[in-house]
Amino acid sequence: MPTGAVPDFKHLVMSVLVVSREVEDDERIWGCHGGVRVAEYVKQNLFSNLINHPKFRSDTKSAIAEAYSHTDSEFLKSETTQNKDAGSTASTAILVGDKLLVANVGDSRVVMCKGGKAVAVSRDHKPDQTDERQRIEDAGGFVLWAGTWRIGGVLAVSRAFGDRLLKQYVVADPEITEAVAMVKHIENPEEAAKKLMQEASQRGSVDNVQCVI
Numbered sequence: 006m007p008t009g010a011v012p013d014f015k016h017l018v019m020s021v022l023v024v025s026r027e028v029e030d031d032e033r034i035w036g037c038h039g040g041v042r043v044a045e046y047v048k049q050n051l052f053s054n055l056i057n058h059p060k061f062r063s064d065t066k067s068a069i070a071e072a073y074s075h076t077d078s079e080f081l082k083s084e085t086t087q088n089k090d091a092g093s094t095a096s097t098a099i100l101v102g103d104k105l106l107v108a109n110v111g112d113s114r115v116v117m118c119k120g121g122k123a124v125a126v127s128r129d130h131k132p133d134q135t136d137e138r139q140r141i142e143d144a145g146g147f148v149l150w151a152g153t154w155r156i157g158g159v160l161a162v163s164r165a166f167g168d169r170l171l172k173q174y175v176v177a178d179p180e181i182t183e184a185v186a187m188v189k190h191i192e193n194p195e196e197a198a199k200k201l202m203q204e205a206s207q208r209g210s211v212d213n214v215q216c217v218i
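Remember, the numbering used here sits 5 above the position in the sequence shown when you count from 1.
In structure tokens form, the structure reads like this:
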């Protein structure tokens, strides 16, 4: 949702994929803007596009990048009305053995608890970041201030699924981070998620708040 939207508190359920005797944990978060069409499409297709990718086992990073790109292009093909415009950010966390692969486009941030402290393992994609701004301007776009930094004065994220009218500048190329997996026992994950969302609201969050534990 764009900055200024009323927070929408949601507790998202973790999806677990069991492959042979290994367990692959997959957690996903989406944040839509301009409607829910893109978020729903990504929700229904990104995971299957990833696990069915021929490189899912041998080269998971490449599989993630290609699954994101394929999902984005297939959504744009599926839209019959060219002037409709909506988009969605996304974050995906996949546990492969003892490695945690985190991929994201946009500003759905992934945070890991390490030693009792919150550590961001994904980077928000904002138009005013030096590398993102350079990419946008190289593609012929511009970034200006309209309450916050926005592409063309419209969109406050620089990477997303959808956003047909800004697709030349708003890419769905995920930034992928690899980290050693860490597991911490939580007595009541649902209660923990609710408390985290309440804390975000009390600290002044003006965007949708979603939490996966």
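Backbone N, C-alpha and C define an ideal beta-carbon position, used for all residues, glycine too.
Looking at the strands, I want to know which residues DSSP matches up with residue i.
i, result
"T65", "According to DSSP, T65 bridges with nothing at all."
"N57", "N57 pairs with nothing; no bridge assigned."
"T182", "V107"
"F166", "S93"
"V176", "R164"
Can you list, in chain order, the residues of its chain with a C-beta nearer than 7 Å to that of residue i? Leave out the 5 residues immediately preceding and following it.
i, result
"N54", "A72, H75, T76"
"D129", "D112, R114"
"H58", "A68, E71, A72"
"L160", "D168, L171, V175"
"G158", "L149, A151"
"V162", "T94, G111, D112, H130, K131"
"P179", "I69, A70, Y73, A108, N109, V110"
"R138", "P132, V148"
Count the other C-beta atoms from every protein chain shown that fall within 10 angstroms of the C-beta of residue i, then say buried if there are 16 or more, exposed otherwise.
i, result
"V116", "exposed"
"F166", "buried"
"K131", "buried"
"R155", "buried"
"V41", "exposed"
"T94", "buried"
"V110", "buried"
"T86", "exposed"
"S63", "exposed"
"T65", "buried"
"V124", "exposed"
Given residue i, which residues of its chain have a CB within under 8 Å of its CB, disregarding the five upstream and five downstream residues?
i, result
"K189", "Any reading at K189 must be qualified, since the residue scores a pLDDT of 47, below 50, and its modelled position is unreliable; no value is offered."
"S83", "Y46"
Below 6 Å CB to CB, which residues in the same chain sit around residue i once its five sequence neighbours on both sides are set aside?
i, result
"S67", "K60"
"W150", "none"
"V176", "R164"
"Y174", "I141, A144, G146, I156"
"Y46", "F80"
Please check the pair residue i and residue j, which I expect to be a contact at CB under 8 Å, by giving their CB distance rounded to whole angstroms.
i, j, result
"D133", "V148", "6 Å"
"D168", "G92", "4 Å"
"I181", "L106", "6 Å"
"E183", "K104", "6 Å"
(request) Give, in chain order, every unbroken run of the alpha helix (DSSP H) that is at least 4 residues long and sits entirely within the stretch 80 to 130. (result) none
(request) Return the chain-ordered ranges of every beta strand (DSSP E) run that is complete within the stretch 125 to 160 and spans a minimum of 3 residues. (result) 148 to 150, 154 to 156
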